[in-house]
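A short worksheet on the structure shown next.
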Amino acid sequence: MFVHLSGAVAARAANLWREIEARDEDEYDDEDDQQDQRFGSHVGLLLGSTTRIIPPPDWAAAGMGDIIPAMFQDTNAILDRLNPAQLRAVTTVDGPVLVLAGPGSGKTRVITHRIAYLLGEKHAPASSVLAVTFTNKAAREMVDRVRLLAPYQASQLTIGTFHAICARILRREGAAIGIAPTFTIADDDDQAAVIKRVLKELNWDEKRNPPRALLSRISAAKSVLIGPREFATSASDYADEQVAIVYGRYQEALAAADLLDFDDLLMSLVNLLVECPTVLERYQQRYVHVLVDEFQDTNVAQYAIVRRLGAGHNNTCVVGDEDQSVYSWRHADIRNILNFERDFPGTRVIVLEQNYRSTSTILRAARKVIAPNRQRKEKSLFTENEAGERIVVFEAYDENEEANYVASQIERLAAGQGLRLSDVAVMYRTNSQSRVFEKLFLRHRLPHKVVGMRFYERKEIRDVLSYLRLCYNHNDVTSLDRVINVPPRQIGSKTLADLRLWAARMGVGVSDAIETLATGQQTQVPCPISARAQNALAEFGRTMSVLRRASRELVVARLLDQVLERTGYAEFLKDGTEEGQARWDNVRELLTVAEEFSHYDPESSLAAFLEDVALAGDADEYDASAEAVTLITLHAAKGLEFDVVFIAGLEEGICPHSRSVEDERQLEEERRLLYVGITRARRRLFLTYAARRSQFGEAGARQPSRFFQDLPKDLVQGTARAVQGRGRDWTRPSAADRSSPTSPVLGGSRPSHPAPAPALVEPTAAAPTVFRPGERVSHPRFGQGVVVSVERRGDDQEVTVAFPDLPIKRLLSSLANMKVLA
DNA sequence: AAAGCGTTTATTTTT
DNA sequence: TAAACGCTTT
């Protein structure tokens, strides 16, 4: 997520910083600070970037209250413009509360206003509030918005992701249960590397014991707080016994390397709270008010944390929507929502049912799509918004035509000028679908950005970070393995094997063994490594020891310089190829991240940097300000909203995904995924699918998604057969589908190539607001204007409007959201 | 030790 | 298609 600091957030932070620096620091007297002393050391914002941009105690000293206009501190502003349900959710602060928040119902608003209410009206010390989110982005947004409402105290809040909060507490208190304070966090790749090492040691075949499958079993166990020992005792069949063996070894390997994986962060915190009552008590006392966002996505371990921390004062408020639970494959457990009322006696349940986001057409469609799910609480979502346009369903000949159609539609809508590209998103089930959109958007010269190419998963970034991790935690053998021969240093697998053997014989870590070689110490155990390889290792060891020393003296950015220089990595990357250049550019970007990190808080440690980077997600990447179409998976789109949404690839096997069609529960999740996608749209929704699609290089016929059956026809426009057939079972191919692509249902012969997409021909009666020349209108962005002329565009209107001091605008009635003024 | 070549496999991925 | 992996050759 750190990258994202380089965007708008960074700019804003930099401004605040400058303003703060410009002020005197003599008004220091704050009571929050005293509060904090009382509660022991400061946790602060666990937000990574924001935390360190503004060191907590300085906020008050800096007189931030003067910077923010006084009106925001008014309690009225906090409770103003909330509907009755929202108001109850904000002001019910004694006792447990379960908020069921439908899409677009003002959930974030409720949470931020609740916090502001606690601080401003109930005079709760900020340090007594704990707010947990799932993404850094959500946490950051929360801080930003609370800051507007309660500028003084915002910095004293504990707001962060589950994992960030756990990591922070464990780093400080973990020693009590044997966790080194210098632990580093193992990501997916590290996990795989450790498992593979374990398999190798056991002499097990990777083919018969796929590391991914093993990891998934282990992760599932950790998610429900089953440790390796317990797993072994309860293993009931042979497969489980196998897993148990690997699980045990895996944990040992992690522990030896002072590594915690993501699941460990959660499970270890629970262990800590269970085994150390004094620690538990301290945190329970501190956190009087606990809030949890996206509660439907919590797993058992996270729920245990919430239960325990919240047990002190019993003011736990959770917000969620089981219809938007799309991470069960990551062990999120919807039952947490159901169990909440049971586990927190006296829970008040508040349902937010009014949708402020979408047209009633879109909301109706969404309700119909989600309705067949059995695992849900019945809700009655409603909206006072207008009906808006019908939903467009489009059948493309293949994935190229699909992307071409989407591009053309976006161009058409953008030409109407009411629509900015940043208000458009194209969503799909799998990341691989993005490729064809990128290709065609490039051809159309349509600006776009793909959310999800994970910056921190790139080889070069991981390599460089591994060097940093190795500086901080020299037991981190995963990182050592990664970089010991990158760039090539003549250290191959044989040398490494000998090195491990030798280290084991001496009873020391691999890094220590290298150190021994580097300093030329004599050893009791003879070294089985060739002189040449010994030299190579010694050289590497000396480099690392220099860097390790540097890591204690330099800020992260300067340390990075040293790493790139002294390891030869910079030179290694700059090999003259285009790819090398691209990789180097990525490293430069990481350097920029580090620069910002060091600049905003020179005191911040390498540990903090590594933690931020390890816990950084990449939905964070999403930058709403760029003038470009967003390409994004349905999963990553959760929590976002756009004026216009295209959901592509709605075919059997893709959505629902082929791996999900066997299982009823998984099918329900696919349905929720589509529901999430639909409810992202504010004004217009396009659903597309392809009759043929190439996947894995193989072309094949496709059937429209079964979910089309649940889409009421009167909400849809378009000729696509998915919405023409009556009660047809799409899961079974019809005679027509099996025939050639020129079958009549497809509307006669279709060119196989970039066909001009059939426009939205159906003139329908459902017209949006009708404008007439001479009328005075108001536009949300341009203000008041006068209609010059009007032209029909299918069932839409292109309205030419003159606004004072602005060039004449041509706007599409359906998009511009203009109102006629009396 | 490193480069080259055929084989295999293919969701989603808040952290 | 493409990337990741393991085996073979240089």
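The first sequence begins at 6 in the numbering used here and counts up one residue at a time. Even glycine gets a Cβ: it sits at the ideal position worked out from N, Cα and C. In this text the structure is predicted, and so the values were computed from the model without any measurement.
- Under DSSP, T528 shares a beta bridge with no residue.
- Counting the other CB atoms within 10 Å of its CB gives G779 a total below 16, which places it among the exposed residues.
- In the three-state DSSP reduction, Y332 falls in the coil class, being neither helix nor strand.
- In the structure shown, the three-state DSSP call for R726 is helix.
- Note that the C-beta distance between F808 and V795 is not below 8 Å.
- C-alpha of R448 to C-alpha of R588: approximately 25 Å in a straight line.
- A155 is a Cβ neighbour of L124, given a cutoff of 8 Å.
- Residues of the same chain with a CB within less than 7 Å of the CB of A262, apart from the 5 flanking positions on each side, are N480, D481, V482 and T483 in chain order.
- Secondary structure at K127: coil, using DSSP grouped into helix, strand and coil.
- Where S221 is concerned, there is no enclosing beta strand (DSSP E), although the alpha helix (DSSP H) around it starts and stops at P216 to S228.
- For V825, the CB contacts under 8 Å within the same chain, skipping 5 residues up- and downstream, are T774, F776, E780, R781 and V782 in chain order.
- V561 sits in a helix when the DSSP states are folded into three classes.
- If the five residues before and after L542 are omitted, its C-beta is found closer than 6 Å to the C-beta atoms of I519 and L522, all from its own chain and listed in chain order.
- C-alpha of R688 to C-alpha of P709: approximately 24 Å in a straight line.
- N320 and L678 have their C-alpha atoms roughly 31 Å apart.
- Take the alpha-carbon of D193 and the one of V618: they are about 14 Å apart.
- Cβ-Cβ distances below 8 Å link L639 to V331, M432, Y433, R434, I652, C660, L678, L679, V681 and G682 in the same chain, with the five nearest sequence neighbours on each side left out; the list follows chain order.
- In the assembly as shown, E558 is an exposed residue. Its beta-carbon has fewer than 16 other beta-carbons within 10 Å.
- Cβ-Cβ separation between L636 and I396: approximately 20 Å, too far for a contact (criterion under 8 Å).
- The residues F647 and D648, in chain order, have a CB closer than 6 Å to that of D428 in the same chain once the five nearest residues on each side in sequence are set aside.
- Each residue's CA atom was taken as its position, placing R217 and V199 some 11 Å apart.
- Residues of the same chain with a CB within less than 6 Å of the CB of G351, apart from the 5 flanking positions on each side, are G100 in chain order.
- With respect to D302, I116 sits apart: the two C-beta atoms are not nearer than 8 Å.
- Following the DSSP letters along the chain, one finds I174 inside the alpha helix (DSSP H) bounded by residues F167 to E178.
- By the neighbour-count definition (other C-beta atoms within 10 Å, threshold 16), A408 is a buried residue.
- Under the 10 Å beta carbon count, S699 is surrounded by fewer than 16 other beta carbons and is classified as exposed.
- Bounds of any beta strand (DSSP E) do not take in G514, whose DSSP letter is neither H nor E.
- Collapsing the DSSP output to three states places Q802 in a strand.
- Counting along the chain, Y308 sits inside the alpha helix (DSSP H) bounded by residues V305 to G315.
- Taking V293 as reference, the option from V513, A129 and C476 with the minimal CA-CA separation is A129.
- For D648, there is no enclosing alpha helix (DSSP H); the enclosing beta strand (DSSP E) has its first and last residue at F647 to I652.
- Taken through DSSP and simplified to helix, strand or coil, I659 comes out as strand.
- When the alpha-carbon of L357 is set against those of L386, R335, I342 and N378, the nearest one is in L386.
- Classified as buried, K227 has 16 or more neighbouring CB atoms from the shown chains inside 10 Å of its CB.
- Taken in chain order, the whole beta strand (DSSP E) runs of length 3 or more contained in the segment 244-324 are 264-266 and 294-297.
- Closest option to L720, judged by alpha-carbon separation, among A392, S221, K201 and K382: A392.
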